[in-house]
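As they're listed, the protein sequences go chains F and L. Count along the first sequence from 1, then add 136; that gives the number in our numbering. Count along the second sequence from 1, then add 136; that gives the number in our numbering. All remarks here apply to the structure that follows.
Number of protein chains: 2
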Amino acid sequence: MDEQAFRCLKVNQTRLMKDLHYTCQWGTGKRWGFMATETGMSRLSLSDTDKLARDWFVETTKSLGCSVTVDAMGNIFAIRPGREDGPPTCAGSHLDTQPSGGRYDGILGVHAGVEMMKVLNEHHVETAFPVGVVNWTNEEGARFPISMVSSGVWAEEIALETAHNLQEVGGGSATMKSELEKIGYLGTTPASYKSMPLAAHFELHIEQGPLLEAEKKKIGIVKGVQAYRWYTIEVLGRDAHTGTTPFSARADAMLAACRMISVSHDVAAKHSALASTGILTLSPGSVNTVPGNVKFSLDIRSPQDATVEAIEAELKQEFSRLMSNEVTKGLDLAVTWKTDSISPATHFHGDCIAAVRASAESVTGSSSLAREMVSGAGHDSVYASRRCPTSMIFVPCRNGVSHNPEEFTTAEDCRIGAEVLMQSVLRYDKSRCQ
Amino acid sequence: MDEQAFRCLKVNQTRLMKDLHYTCQWGTGKRWGFMATETGMSRLSLSDTDKLARDWFVETTKSLGCSVTVDAMGNIFAIRPGREDGPPTCAGSHLDTQPSGGRYDGILGVHAGVEMMKVLNEHHVETAFPVGVVNWTNEEGARFPISMVSSGVWAEEIALETAHNLQEVGGGSATMKSELEKIGYLGTTPASYKSMPLAAHFELHIEQGPLLEAEKKKIGIVKGVQAYRWYTIEVLGRDAHTGTTPFSARADAMLAACRMISVSHDVAAKHSALASTGILTLSPGSVNTVPGNVKFSLDIRSPQDATVEAIEAELKQEFSRLMSNEVTKGLDLAVTWKTDSISPATHFHGDCIAAVRASAESVTGSSSLAREMVSGAGHDSVYASRRCPTSMIFVPCRNGVSHNPEEFTTAEDCRIGAEVLMQSVLRYDKSRCQ
Numbered sequence: 137m138d139e140q141a142f143r144c145l146k147v148n149q150t151r152l153m154k155d156l157h158y159t160c161q162w163g164t165g166k167r168w169g170f171m172a173t174e175t176g177m178s179r180l181s182l183s184d185t186d187k188l189a190r191d192w193f194v195e196t197t198k199s200l201g202c203s204v205t206v207d208a209m210g211n212i213f214a215i216r217p218g219r220e221d222g223p224p225t226c227a228g229s230h231l232d233t234q235p236s237g238g239r240y241d242g243i244l245g246v247h248a249g250v251e252m253m254k255v256l257n258e259h260h261v262e263t264a265f266p267v268g269v270v271n272w273t274n275e276e277g278a279r280f281p282i283s284m285v286s287s288g289v290w291a292e293e294i295a296l297e298t299a300h301n302l303q304e305v306g307g308g309s310a311t312m313k314s315e316l317e318k319i320g321y322l323g324t325t326p327a328s329y330k331s332m333p334l335a336a337h338f339e340l341h342i343e344q345g346p347l348l349e350a351e352k353k354k355i356g357i358v359k360g361v362q363a364y365r366w367y368t369i370e371v372l373g374r375d376a377h378t379g380t381t382p383f384s385a386r387a388d389a390m391l392a393a394c395r396m397i398s399v400s401h402d403v404a405a406k407h408s409a410l411a412s413t414g415i416l417t418l419s420p421g422s423v424n425t426v427p428g429n430v431k432f433s434l435d436i437r438s439p440q441d442a443t444v445e446a447i448e449a450e451l452k453q454e455f456s457r458l459m460s461n462e463v464t465k466g467l468d469l470a471v472t473w474k475t476d477s478i479s480p481a482t483h484f485h486g487d488c489i490a491a492v493r494a495s496a497e498s499v500t501g502s503s504s505l506a507r508e509m510v511s512g513a514g515h516d517s518v519y520a521s522r523r524c525p526t527s528m529i530f531v532p533c534r535n536g537v538s539h540n541p542e543e544f545t546t547a548e549d550c551r552i553g554a555e556v557l558m559q560s561v562l563r564y565d566k567s568r569c570q
Numbered sequence: 137m138d139e140q141a142f143r144c145l146k147v148n149q150t151r152l153m154k155d156l157h158y159t160c161q162w163g164t165g166k167r168w169g170f171m172a173t174e175t176g177m178s179r180l181s182l183s184d185t186d187k188l189a190r191d192w193f194v195e196t197t198k199s200l201g202c203s204v205t206v207d208a209m210g211n212i213f214a215i216r217p218g219r220e221d222g223p224p225t226c227a228g229s230h231l232d233t234q235p236s237g238g239r240y241d242g243i244l245g246v247h248a249g250v251e252m253m254k255v256l257n258e259h260h261v262e263t264a265f266p267v268g269v270v271n272w273t274n275e276e277g278a279r280f281p282i283s284m285v286s287s288g289v290w291a292e293e294i295a296l297e298t299a300h301n302l303q304e305v306g307g308g309s310a311t312m313k314s315e316l317e318k319i320g321y322l323g324t325t326p327a328s329y330k331s332m333p334l335a336a337h338f339e340l341h342i343e344q345g346p347l348l349e350a351e352k353k354k355i356g357i358v359k360g361v362q363a364y365r366w367y368t369i370e371v372l373g374r375d376a377h378t379g380t381t382p383f384s385a386r387a388d389a390m391l392a393a394c395r396m397i398s399v400s401h402d403v404a405a406k407h408s409a410l411a412s413t414g415i416l417t418l419s420p421g422s423v424n425t426v427p428g429n430v431k432f433s434l435d436i437r438s439p440q441d442a443t444v445e446a447i448e449a450e451l452k453q454e455f456s457r458l459m460s461n462e463v464t465k466g467l468d469l470a471v472t473w474k475t476d477s478i479s480p481a482t483h484f485h486g487d488c489i490a491a492v493r494a495s496a497e498s499v500t501g502s503s504s505l506a507r508e509m510v511s512g513a514g515h516d517s518v519y520a521s522r523r524c525p526t527s528m529i530f531v532p533c534r535n536g537v538s539h540n541p542e543e544f545t546t547a548e549d550c551r552i553g554a555e556v557l558m559q560s561v562l563r564y565d566k567s568r569c570q
């Protein structure tokens, strides 16, 4: 295929959106608008509605001539043969959603892969090697609380047993294994890149952030995924009566925590990084008692591991300083850090990034409608990238909102993204012949 | 009685402490030390253990020659006759405790009043007018959730019906009225200063703060009670992904709340007042979601009403400023204030304050061992002061800790406080003849 041929392969926007919304009958969520498709999604992994969406995926890709493999984590690989045998170049994402999610996060990426199969068949395209589309299981981690767990098992970075034994949140007794069995998706193929090697992995996804929309770009060429670390910070002061305890005799854990959260923001801003606190609990929790104990989460992110480390080091110093009575003008406090999670920066593969860049230019007809970016959130492509060349394609989403029923991407942007995905897969496939 | 006579009337420290700890067999709380008396108290108002403490109070004061009146709120007035009839000059406090309270808060004040009766009898003292000791019901508000409710009814500032219908916290069906009936303390005398007028009210209490201890003072001459206002502040931002949302696109309610709490502290400090946040809740509450909604309590206190008002006005301006995107470098947020409670400053009566001052000097033999102060917490004396001349006497408590099993005041300090209380009552009684 040459450049001209790529340009002739057009995604059918109407069909793409019709298929996408058709499958959203399974797990329809909260309504936010008057139109039929203006609802969110609530399709928890391995639920009965997830089974129906999976069944549709298997039947549809089979009917398009793909061979379908289900592995021991329920990951589904639909592979279309090429001229030669070999590992497939795949488009992959996930059909599960957050309990209060939308119609695009994950779902768009899988549907774009299915649409790619339809376009290739329509145009009788023969690829050099097989190409495929993958539905990864439980990317969200919303029902079984490790996100991207099944691509993690595939990459052999998470043990199968750990994943199988994951219990559903909310106190139920279901495990990933029991639910895989129940809905008939406990495959016999080992969940491993060794049993199911991929030549490359491309993932189309909504940005989940505001940059593309703000800058009127159509495509994000994703070079990697930010490093992040999660901590639980605990501040120990002393419970005291709000009316009878002067500031000089307080060890106010709440005030100290507030100053720490403020400082974490300022230090992150200085490093062009991110710091966020999404959880805070305190005790004893009474209007007229100064809290003696506060715990809060801290999430630090940057494209560079070194920056995350530098911020951590700086904040450890700053927080200690804030504990001293010279700063609080009260009694000393104590602070402890617990590291809950370390996710190093992911750098996607240059060949894949180049394929996305070229495809974006080709599809949009301009070099100015795409921008390089680093994903702020984790995706299955993080684990895929550990075992094969990988990149991602971002499309704008309204107001940067995701994990929310109102998550929305225009049909045109979905189409553009799907076309870039298809071209990227074909360009990469083509590059394997050279 | 002359100054010499006052000085001869000594409290029996051993007896005072023996009686106090004896009654702490009813409602004994958490142990904190090895000694028999090193436990806290858990004597909720109108419980079975409160009934036993009340029975002891009634029997003991009757045996000392007092006439006992129980009003419709279960307030108990034990009155010792004087040479002439007339409203009694009373010592008053409360026998109920917090669920996790100590042996001194309230209990010391009542016992000091009973000890006063014993000393007066031993020395055959005849007062000009009657003197008494009062046990007010449910001062803590821990079981029935309005503190100082029964002195409030007596002062006719809280409706009897409101108080009677107060339901116990924790989902039980008991009301103040049902429990008063059950333990036999629903008196027939109307709960009103009109039916049971007092000439004056003196209350001995632990400081519940660190000032006396820190300054090595023995007595606090309490001139009044701080004004305070309680608010619930709600900050409205927007939930957003912590990884994908740059600071410029956030409306981070958590960060804004932290800056507000910091500012409230700084503004209060500038006014030599107090500001505290004891409760904070946020939503949605996930490590990787920037909270779109935060609510927190704000407690502002100052001896002057005008200062509390000035701080409120200043913080309303400051908080609004913090909502603007020019300050947050992000999106606009919104803030709402709800006023939950307004308690104006209480100024005690000059005659009572003078009686306490003179007594403190007399008992400690020095003018430097007492200091004037303003109570940070509310007490039954707040409502008493609305209907009769009132003042309070504070004694040091270890580390300023109260509402805690480890609350502690030395026997010597209890004795000194009880002696100042007795002298204050006698001085005030004497002053009525002039």
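All C-beta atoms in this analysis are idealised placements derived from N, C-alpha and C, irrespective of residue type, glycine included.
Minimum Cβ-Cβ distance from residue i to chain L less than 8 angstroms
i	result
Q362 of chain F	yes
E304 of chain F	no
V423 of chain F	yes
I212 of chain F	no
D134 of chain F	This structure cannot settle anything about residue 134 of chain F, because the visible part of chain F is limited to 137 through 570.
I415 of chain F	yes
A513 of chain F	yes
Residue i, DSSP secondary structure in three states
i	result
H337 of chain F	strand
V358 of chain L	strand
T475 of chain F	strand
H407 of chain L	coil
N429 of chain L	strand
T500 of chain L	helix
K166 of chain L	strand
L434 of chain F	strand
Q303 of chain F	strand
C226 of chain F	strand
C-alpha distance - residue i paired with residue j, whole-angstrom precision
i	j	result
V510 of chain F	G421 of chain F	40 angstroms
A385 of chain L	D476 of chain L	33 angstroms
D435 of chain L	D402 of chain F	27 angstroms
N148 of chain F	R551 of chain F	7 angstroms
G277 of chain F	V285 of chain F	7 angstroms
T325 of chain F	S456 of chain L	59 angstroms
A547 of chain F	G308 of chain F	38 angstroms
R635 of chain F	Q559 of chain F	The first residue shown for chain F is 137 and the last is 570, placing residue 635 of chain F beyond what the model contains.
Any chain F beta carbon closer than 8 angstroms to residue i
i	result
L340 of chain L	no
F193 of chain L	no
T263 of chain L	no
A387 of chain L	no
P346 of chain L	yes
S412 of chain L	yes
S517 of chain L	no
Whole-angstrom C-beta distance between residue j and residue i, which should lie under 8 angstroms
i	j	result
A189 of chain F	A554 of chain F	At roughly 18 angstroms, the Cβ-Cβ gap does not stay under 8 angstroms, so A189 of chain F and A554 of chain F are not in contact.
M209 of chain F	V289 of chain F	5 angstroms
E275 of chain F	G218 of chain F	The Cβ separation is near 27 angstroms, so there is no contact.
G163 of chain F	D186 of chain F	7 angstroms
V556 of chain F	A227 of chain F	Their Cβ separation, rounded to whole angstroms, is 11 angstroms, which puts V556 of chain F and A227 of chain F out of contact at 8 angstroms.
V250 of chain L	T197 of chain L	6 angstroms
Partners in chain B for residue i, counting only beta-carbon separations shorter than 7 angstroms
i	result
R395 of chain L	Within the model displayed, chain B is absent; protein chains F and L are what it includes.
| message | Pairs of beta-carbons, one from the region 259 to 269 of chain F and one from the region 203 to 215 of chain F, closer than 8 angstroms: are there three or more? | response | Touching, yes.
| Do three or more CB pairs link the region 426 to 436 of chain L to the region 369 to 385 of chain L at distances below 8 angstroms? | Inter-segment contact for the region 426 to 436 of chain L and the region 369 to 385 of chain L is present: three or more beta-carbon pairs are separated by less than 8 angstroms.
| field | the region 506 to 525 of chain F contacting the region 361 to 368 of chain F, beta-carbon criterion three pairs below 8 angstroms | value | Flag = yes, the region 506 to 525 of chain F and the region 361 to 368 of chain F touch.
| So does the region 159 to 177 of chain L actually touch the region 538 to 546 of chain L, counting three or more Cβ pairs closer than 8 angstroms? | At 8 angstroms Cβ cutoff, the stretches touch.
| So, do the region 323 to 337 of chain L and the region 403 to 412 of chain L have three or more beta carbon pairs nearer to each other than 8 angstroms? | Not touching, per the Cβ criterion.
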